[in-house]
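2 protein chains.
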Amino acid sequence: MVNKQIRRAVPYWTEVEDVFGNSRRGSSDRRVRRTRKAVQQALVELILEKGYEAVTVTDLINRANVGRSTFYAHFTDKQDVLFSNLDELSSLLRLAPASRPGPLFAFSLPMFEHLHEQRRLARALLGRRGGSAVMARGEQILATIVRDELLAAFPPRSTPPDSLDLMVTCVVGAFMALLRKWVDGELTATPAEMDAAFRAVVTPGVEIAFRR
Amino acid sequence: MVNKQIRRAVPYWTEVEDVFGNSRRGSSDRRVRRTRKAVQQALVELILEKGYEAVTVTDLINRANVGRSTFYAHFTDKQDVLFSNLDELSSLLRLAPASRPGPLFAFSLPMFEHLHEQRRLARALLGRRGGSAVMARGEQILATIVRDELLAAFPPRSTPPDSLDLMVTCVVGAFMALLRKWVDGELTATPAEMDAAFRAVVTPGVEIAFRR
DNA sequence: TTATAACCGAACACATTGTTCCGAAACAAG
DNA sequence: CTTGTTTCGGAACAATGTGTTCGGTTATAA
């Protein structure tokens, strides 16, 4: 009577790692790919319709036409689905070699351009209707990028480290604020214009602070 | 058998208005004041312990030692309690005459100072563990302040209006990012240092953009 | 073809929300 | 102090959402 069969969905998978450091997988079984994609797409649709907070797991499985037990065989949470969607956006955050000499904040333009192409997904994940978790993680990643870039561009001795933190926070905060309003459609501008505005406000202050 | 008696808690109240434009009241009945304050304090405590999202209404009424029906006689939501707490912080946002000549972004230092005094409350309401609604509203209010300040300091013709929006977004984004990390204790600095860092990064870019 | 794994869906226990009701207690006014 | 009013407490309730279990069915890969 004891059920010794281990019930595992998503078995023979190869490991991949997303921007969160979580392990994600690419399946060999067609059913698995089908189910996961259906749920992910359903989440994006529902976020754009009602906002992330308002989306329930019941909504998801109805929209995706997936059984309840099936859902929980693949994802632990609503949030798990949210994060799984980030695989597609992760490449975007991986650019920025950080040690290449050049103009400051080189990540800006490519990032705006990439988000422009993925408008729909970006809006769902990064906009106000999306959960704040994605933005928070993006902020974190961007902070290390900016920090490394500044340390590479200027001799580390010229500034006390805690002052550097303050500066990084300012720069990242300005960028993320621009980005959020842009994907939400509250700002109408081309990627080039966004990049120009960001750099115009932020760069002079940074360079003066480093007395270049 | 019909209950014609209108059951209203919180009756003979004088109107007040908070930063959200909602009407709040100061009661003459001691029981009412006692109940409201108990719930508000309970929320602050619980936010600092578990974070806003994790706090349930049941948690609130247990911590505050208040009956369930009593709670719903005073507040509609968890969020309603959150907003009601803002009365204490509202004065902080009301400063900034906006039309007085002087250094740019004069709101910055007083705001950091005031938040430093109200450390505990500020952390609960504005920090990561607090709901994002408060931050969102603060951002909105600050945006109009910054916008008015820039329009007052520079002739409106010198800049296209949509470019102004971009700049305002940058400035507000930088400030709010600093503020959030500061109240969360991720940044250790005095109010004066916070103000200096904010102005150092942001001011040069703004003044150059307006070719002063 | 066949063994296996994924799927469906119902049923379940549990938590949370917001409402209703009534007796008890606190309050303010006279 | 008495009296009429208002608030409080707390149980009970329906409604909704979550996450788990399990037996039967179907799709998949080899």
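Top line first, the protein sequences correspond to chains A and B. The first sequence begins at 3 in the numbering used here and counts up by one. The second sequence begins at 3 in the numbering used here and counts up by one. Just so it is clear, CB atoms sit at the ideal spot from N, CA and C, and this is done for glycine as well.
Test: residue i CB closer than 7 Å to a CB of chain B
i	result
residue 180(A)	yes
residue 8(A)	Summary for residue 8(A): the model assigns pLDDT 38, below 50, so the residue's position carries little reliability, and this model does not support an answer.
residue 171(A)	yes
residue 52(A)	no
residue 145(A)	no
residue 140(A)	no
residue 158(A)	no
residue 197(A)	no
residue 66(A)	no
Identity of the residue in the options nearest residue i by Cα
i	options	result
residue 164(B)	192(A), 104(A) and 78(A)	192(A)
residue 33(A)	76(A), 51(A) and 148(A)	76(A)
residue 104(A)	42(A), 206(A), 154(A) and 45(A)	154(A)
residue 215(A)	187(B), 211(B), 196(B) and 151(B)	Because residue 215(A) is not part of the residues shown, which for chain A are 3 to 214, the question remains open.
residue 46(B)	65(B), 35(B) and 36(B)	65(B)
residue 123(A)	57(A), 210(A), 49(A) and 29(A)	49(A)
residue 166(B)	70(B), 182(B), 148(B) and 181(B)	148(B)
residue 87(A)	38(A), 56(A), 121(A) and 176(A)	38(A)
residue 83(A)	54(A), 109(A) and 69(A)	54(A)
residue 63(B)	56(B), 52(B), 204(B) and 44(B)	44(B)
residue 168(B)	29(A), 200(A) and 140(A)	200(A)
residue 194(A)	162(A), 58(A), 141(A) and 180(A)	180(A)
residue 183(A)	125(A), 73(A) and 143(A)	125(A)
residue 210(B)	204(A), 212(A), 211(A) and 107(A)	204(A)
residue 142(A)	121(A), 178(A), 198(A) and 70(A)	178(A)
residue 68(B)	29(B), 157(B), 35(B) and 189(B)	35(B)
residue 190(B)	212(B), 131(B) and 118(B)	118(B)
residue 56(A)	188(A), 131(A), 146(A) and 158(A)	131(A)
residue 89(A)	108(A), 52(A) and 127(A)	127(A)
residue 157(B)	188(B), 110(B), 212(B) and 198(B)	212(B)
residue 2(A)	61(A), 106(A), 60(A) and 30(A)	Here chain A covers residues 3 to 214 and nothing more, so residue 2(A) does not appear.
Any chain A beta carbon closer than 7 Å to residue i
i	result
residue 168(B)	yes
residue 211(B)	yes
residue 202(B)	yes
residue 134(B)	yes
residue 194(B)	no
residue 26(B)	Unreliable positioning characterises residue 26(B) in this predicted model, as indicated by a pLDDT of 49, which lies under 50. A coordinate reading is not provided.
residue 39(B)	no
residue 206(B)	yes
residue 175(B)	yes
residue 183(B)	yes
residue 116(B)	no
residue 15(B)	Here the model assigns residue 15(B) a pLDDT of 35, short of 50, so the residue's position is not dependable, and the following value carries that caveat. No - not a single Cβ of chain A is within 7 Å of the one on residue 15(B).
Whole-Å CB distance - residue i paired with residue j, under 8 Å assumed
i	j	result
residue 129(A)	residue 186(A)	5 Å
residue 73(B)	residue 41(B)	7 Å
residue 175(B)	residue 202(A)	Rounded, the Cβ-Cβ distance is 14 Å, inconsistent with contact.
residue 144(A)	residue 120(A)	Actually they are not in contact, since the Cβ atoms of residue 144(A) and residue 120(A) sit about 17 Å apart, beyond 8 Å.
Check: residue i C-beta below 6 Å from any heavy atom of the ligand PLP
i	result
residue 44(A)	Absent from the structure shown: the ligand PLP. Ligands present: none.
Does the stretch 112–119 of chain B come close enough to the stretch 74–88 of chain B to have 3 or more Cβ pairs within less than 8 Å?
The stretch 112–119 of chain B vs the stretch 74–88 of chain B: no contact.
Entirely enclosed alpha helix (DSSP H) segments - the stretch 16–92 of chain B, minimum 4 residues
Those alpha helix (DSSP H) runs which fall completely within the stretch 16–92 of chain B and span 4+ residues are 32–52, 59–66, 70–76 and 80–86.
Is the stretch 143–153 of chain A touching the stretch 123–136 of chain B, taking contact as three or more C-beta pairs under 8 Å?
Here the stretch 143–153 of chain A makes no contact with the stretch 123–136 of chain B; the two share fewer than three CB pairs at distances below 8 Å.
Counting only runs that start and end within the stretch 106–170 of chain B, where is the alpha helix (DSSP H) found for 4 or more residues in a row?
Note on the stretch 106–170 of chain B: whole alpha helix (DSSP H) runs with a minimum of 4 residues are 110–119, 121–128 and 134–155, in chain order.
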